[in-house]
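K.L.:
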Amino acid sequence: MLSIVGTMPRRSFAAMAALALLGGCTTAAGVDRPASASTAQCYTQSIDSRTGRIWWKEQRWRYASEAEATKAYQTIASGSDPWPNWFTPSQQDLPVGTRFQMALGKGQPETSPGGFGTFDNIESVRDVRVHLAVEYAWKPEIDRVVTYEVIKPMPVKIGPIGPQADPHGCAWLPGRWSQLQMMVPAANRIEYLKVLAVRPID
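So the sequence shown is numbered by this note's numbering: it starts at 150 and just counts up by one.
#1: For the candidate residues Arg199, Asp242, Ile196 and Ala320, whose alpha-carbon lies nearest to that of isoleucine 307?
#2: Going by alpha carbons, who is nearest to serine 229 out of Arg248, Glu284 and Gly266?
#3: Determine the burial state of alanine 320: buried for a count of at least 16 other Cβ atoms within 10 Å of its Cβ, exposed for fewer.
#4: Can you check which of these residues, Ala216, Thr260, Glu207 and Pro309, is closest to glutamate 298 by C-alpha distance?
#5: Are glutamine 250 and valine 294 closer than 7 Å when you measure CB to CB?
#6: Near glycine 324, what residues of its chain come up, given a Cβ to Cβ distance below 6 Å and the 5 sequence neighbours on each side ignored?
#7: Per DSSP, what kind of secondary structure is alanine 213 in: helix, strand or coil?
#8: Tell me which same chain residues have a C-beta within less than 7 Å of the C-beta of valine 344, skipping the five on either side of it?
#9: Let's test the definition: count the other Cβ atoms within 10 Å of the Cβ of proline 197 and tell me whether it reaches 16, buried, or not, exposed.
#10: Of the choices Glu272, Glu290, Tyr212 and Met332, whose alpha-carbon is the least far from that of tryptophan 235?
#11: Is glutamine 328 near threonine 267, with beta carbons less than 7 Å apart?
#12: Please report the straight-line C-alpha distance between proline 349 and proline 262, rounded to a whole angstrom.
#13: In the DSSP assignment, find the beta strand (DSSP E) that holds tryptophan 321 and state where it starts and stops.
#14: With a threshold of 7 Å on Cβ separation, who are the neighbours of glutamine 194 within its own chain once the five nearest residues in sequence on each side are excluded?
Following this line, the structure appears as structure tokens:
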């Protein structure tokens, strides 16, 4: 008798085995969900995780081999790069008068901005998670948006937001909005900025 394993591509068999371990939970598209609604963590480094499968479906075509594609995904899952892996940002000075927005976590003073802002309009916490790719561990509670204006030329890197694989709820955060990364020490950032507006989001 012909073995089922012998006729099945390696990755497909691994995916089926992972599904079996998860109790066969799938969506209509065949993407697995966490084993239960209470599951808050998942092993995102695995290409057979929910986040890995979403990425594989969207981006596998960009790579000549499964090994290259898997390595590229695992780099994303490490959370070490804020940019897409097809983009290399260059440094420039943000001119005086430039305005941008930033989402702040609960208890974070407006005078202590984080390292990243966006030129897109943030309307909800969902925007922050999905379009700005802010993982839960980085900012568990997001409650407001600040509009800043540059008051002296500030060195930054500018480009699109790279995706992230968030272990909290096995969430795939595609990013893709604009971002600027401030290339000044955290303690000195407010010297380059003034607060124009603060508004709540949920």
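C-beta atoms are modelled at their ideal positions from N, C-alpha and C, and glycine is treated no differently.
P.N.:
To lay it out plainly:
#1: Here residue 307 refers to the residue found at position 158 when the sequence shown is read from its first residue. Comparing Cα-Cα distances from isoleucine 307 to each of Arg199, Asp242, Ile196 and Ala320, the minimum goes to Asp242.
#2: As a working note, residue 229 is residue 80 in the sequence shown. Of the candidates Arg248, Glu284 and Gly266, the one whose C-alpha sits nearest the C-alpha of serine 229 is Glu284.
#3: Start at 1 with the first residue of the sequence shown, and residue 320 comes out as number 171. Classification of alanine 320: buried, given that the 10 Å Cβ count is 16 or more.
#4: One-based indexing of the sequence shown puts residue 298 at position 149. Closest by alpha carbon: Thr260.
#5: Working through the sequence shown from its first residue, we reach residue 250 at position 101. Working through the sequence shown from its first residue, we reach residue 294 at position 145. Yes, Cβ-Cβ distance for glutamine 250 and valine 294 is below 7 Å.
#6: Residue mapping note: residue 324 aligns to position 175 of the sequence shown, counting from 1. Same-chain partners within the cutoff: Ala282, Ile310, Gly311 and Pro312.
#7: Sequence index remark: in the sequence shown, residue 213 carries index 64 (1-based). DSSP places alanine 213 in coil when its eight states are reduced to three.
#8: Here residue 344 refers to the residue found at position 195 of the sequence shown. The residues are Glu259, Val295 and Tyr297.
#9: As a position in the sequence shown, residue 197 is number 48, starting the count at 1. Note on residue identity: the sequence assigns aspartate, not proline, to residue 197. Label assigned to aspartate 197: buried.
#10: As a working note, residue 235 is residue 86 in the sequence shown. Selected option, being the one with the closest Cα: Tyr212.
#11: Taking the sequence shown and counting its residues from 1, the one referred to as residue 328 is at position 179. Taking the sequence shown and counting its residues from 1, the one referred to as residue 267 is at position 118. Taking 7 Å as the Cβ cut-off, glutamine 328 and threonine 267 qualify as a contacting pair.
#12: On the sequence shown, residue 349 is found 200 positions in, with the first residue counted as 1. On the sequence shown, residue 262 is found 113 positions in, with the first residue counted as 1. Each residue's Cα considered, the two are about 16 Å apart.
#13: Here residue 321 refers to the residue found at position 172 of the sequence shown. 320-322 is the extent of the beta strand (DSSP E) around tryptophan 321.
#14: Within the sequence shown, residue 194 is the residue found at index 45, counting from 1. Gln223 and Ala226, listed in sequence order.
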